[in-house]
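Worksheet: one structure, shown below.
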Amino acid sequence: MSDKKNYGFTTTILHSDRRKAIEHGSLHKPVHTSVTFGYNDARQLASVFQGKEPGFRYGRQGNPTIAALEDKITRMEDGVGTLCFATGMGAIGAVFQALLRAGDHVVSSSFLFGNTNSLWQTVAGQGVAVDFVDATEVANVEAALTPATRVVFVETIANPRTQVADLARIGKLCAERGILYVVDNTMTTPYLFRPKSVGAGLVVNSLTKSIGGHGNALGGSLTVTGAYDWNNYPNIAANYKRAAPAQWGLAQLRAKALRDFGASLGPEAAHHIAVGAETLALRMERTCANALALAQMLEADERVAAVYYPGLASHPQHGVATELFKSYGSLFSFELKENIDCFDFLDRMTIAVSASNLGDTRTLVIPVAHTIFFEMGAERRASMGIAESLIRVSVGIEDTADLLADFKGAL
Ligand SMILES: *Cc1c(COP(=O)(O)O)cnc(C)c1O
Numbered sequence: 001m002s003d004k005k006n007y008g009f010t011t012t013i014l015h016s017d018r019r020k021a022i023e024h025g026s027l028h029k030p031v032h033t034s035v036t037f038g039y040n041d042a043r044q045l046a047s048v049f050q051g052k053e054p055g056f057r058y059g060r061q062g063n064p065t066i067a068a069l070e071d072k073i074t075r076m077e078d079g080v081g082t083l084c085f086a087t088g089m090g091a092i093g094a095v096f097q098a099l100l101r102a103g104d105h106v107v108s109s110s111f112l113f114g115n116t117n118s119l120w121q122t123v124a125g126q127g128v129a130v131d132f133v134d135a136t137e138v139a140n141v142e143a144a145l146t147p148a149t150r151v152v153f154v155e156t157i158a159n160p161r162t163q164v165a166d167l168a169r170i171g172k173l174c175a176e177r178g179i180l181y182v183v184d185n186t187m188t189t190p191y192l193f194r195p196k197s198v199g200a201g202l203v204v205n206s207l208t209k210s211i212g213g214h215g216n217a218l219g220g221s222l223t224v225t226g227a228y229d230w231n232n233y234p235n236i237a238a239n240y241k242r243a244a245p246a247q248w249g250l251a252q253l254r255a256k257a258l259r260d261f262g263a264s265l266g267p268e269a270a271h272h273i274a275v276g277a278e279t280l281a282l283r284m285e286r287t288c289a290n291a292l293a294l295a296q297m298l299e300a301d302e303r304v305a306a307v308y309y310p311g312l313a314s315h316p317q318h319g320v321a322t323e324l325f326k327s328y329g330s331l332f333s334f335e336l337k338e339n340i341d342c343f344d345f346l347d348r349m350t351i352a353v354s355a356s357n358l359g360d361t362r363t364l365v366i367p368v369a370h371t372i373f374f375e376m377g378a379e380r381r382a383s384m385g386i387a388e389s390l391i392r393v394s395v396g397i398e399d400t401a402d403l404l405a406d407f408k409g410a411l
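full-length UniProt numbering numbers the first residue of the sequence shown as 1 and each following residue consecutively.
Written out as structure tokens, the structure is:
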């Protein structure tokens, strides 16, 4: 398949492995389980180690199966390069491990995936200051910046309350100040939105979620988009400045995070994720339509106190979401009226499964305050807008009528 044609999203993913010849005409990149790679010419081994020629050396820093998945994600995000990790948290942790030093400052959205929130608290105890702001307004981000701010971190649609960050204006602000803009694109996926289009220099994806899409493999990725000039980043060591500046961040992340901390993706998981990614667009179309139908039905029901979904006209960032995203995502959350017990409600469902995880083909529901946001305590939950009765719904690809009936029946 030629690199010249401007193929669509799904065509590009389906045929990306074939861009380089695979033995026997195989259409999938094989699962390479070899931990190491042998060279008949020892000088060539040295040259690979020294970065003078491409090649694989030891599985912790990558292998051909993982490289093929990295290439797919780079194409999906229209980036210059991608690194895969064992999990999404491994990818986010890498930003801290490889790019931040004691004395640096991070401005983060306060509307975050729970474990990312917890990670930033850990970071704050290790000499990197973190300020949490309401990132739905660029002014809050601007007011928090200091001369030591290295990174601004936001999620596109926040999990679980679905606040949409002021993505484009924050991107403009970061570009003006030379700050690295890191966007977690897990909830939108590169099919609905490319953070590069608003100036993000680094894009996080939890591959565990919609990209893998079947709840059968964990994985995470960081994509360098090319939108950031790494000349502006003070923490890049001379060692990693040998190639063009667009590659500096990636080179340091590969060595200082992936190699030294070792949260490497396994080849079998990479294969599962690559196969899952082939149907990302199809699944997103279906799940977004299901999510909108469910959110509309619940919003119209008098037993429901509130529904949070960017696809509803009542959502505060409905306009921004319409402007930036192809559709509104597969996740929404809602609160029941006080006289309905959320546990009883969940137990009455027959299709939706009470479980964590999201972006699965199956619909998953979870009482947020009592599970994934339990550890942080009531005060921080309140500051993030998480009511005690909040139920998060990760909508699957089941038949719409079945899902509507399941929720209606449980009410
Ligand atoms: C799940 C998730 C992560 C973490 O991904 P894992 O693969 O579970 O480690 C990060 N960000 C968001 C928005 C997520 O939903």
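Think of the CB as a built atom: it goes at the ideal place given N, C-alpha and C, for glycine as much as any other residue. All values reported here derive from a predicted model rather than from experimental measurement.
Checklist entry - Between the stretch 60-78 and the stretch 88-96, are three or more C-beta pairs nearer than 8 Å? => result Short answer: they don't touch.
Next on the checklist: The alpha helix (DSSP H) that contains residue 271, what's its start and end?
Outcome noted: Run containing residue 271: 267-277, per the alpha helix (DSSP H) assignment.
Checklist entry - Can you pull every residue whose C-beta falls closer than 7 Å to some heavy atom of ligand 1, listed in chain order? => result That gives 87, 88, 89, 90, 92, 113, 115, 116, 155, 159, 184, 186, 187, 204, 206, 207, 208, 209, 218, 219, 220 and 358.
Item to check | Residue from 276, 199 and 282 whose Cα sits closest to the Cα of residue 8 | outcome: Residue 282 is the option with its Cα nearest to residue 8.
Checklist entry - With a CB to CB cut of under 7 Å and the five nearest residues on each side skipped, what residues in its chain are close to residue 198? => result The residues are 167, 168 and 171.
Checklist entry - Are the stretch 320-339 and the stretch 383-401 touching, with three or more C-beta to C-beta distances below 8 Å? => result In short, these stretches touch, since the Cβ pair count reaches three.
Checklist entry - What is the DSSP secondary structure of residue 182, counted as helix, strand or coil? => result In this structure, residue 182 counts as strand in the three-state DSSP scheme.
Next on the checklist: Output needed for residue 48: all residues of its chain with C-beta closer than 7 Å, excluding positions within five of it in sequence on either side, in chain order.
Outcome noted: The answer, listed in chain order, is 55 and 57.
Item to check | Same chain, Cβ closer than 7 Å to residue 102, neighbours up to 5 away in sequence not counted | outcome: If you ignore the 5 residues before and after residue 102, its C-beta comes within less than 7 Å of the C-beta of 127 and 128, all in its own chain and listed in chain order.
Checklist entry - Could you give the C-beta distance for residue 77 and residue 203, rounded to a whole number, given that I count them as a contact under 8 Å? => result Contact between residue 77 and residue 203 holds: their C-beta atoms lie close to 5 Å from each other, under 8 Å.
Item to check | Nearest-angstrom Cα separation, counted from residue 146 out to residue 347 | outcome: Looking at the two C-alpha atoms, the distance is approximately 48 Å.
Item to check | contact_flag[the stretch 275-289, the stretch 209-220] where n(CB pairs < 8 Å) is 3 or more | outcome: Short answer: they touch.
Checklist entry - Are the beta-carbon atoms belonging to residue 219 and residue 269 less than 8 Å from one another? => result Yes; because the gap between Cβ atoms is below 8 Å, this pair is in contact.
Next on the checklist: Can you list, in chain order, the residues of its chain with a C-beta nearer than 7 Å to that of residue 359? Leave out the 5 residues immediately preceding and following it.
Outcome noted: So the list reads 209, 210, 213, 330 and 394, once near-sequence residues are dropped.
Item to check | Buried versus exposed call for residue 379 [16 or more other C-beta atoms within 10 Å across all chains shown] | outcome: Classification of residue 379: exposed, given that the 10 Å Cβ count is below 16.
Checklist entry - Which residues does DSSP pair with residue 288 in a beta bridge? => result Beta-bridge pairing by DSSP links residue 288 to no other residue.
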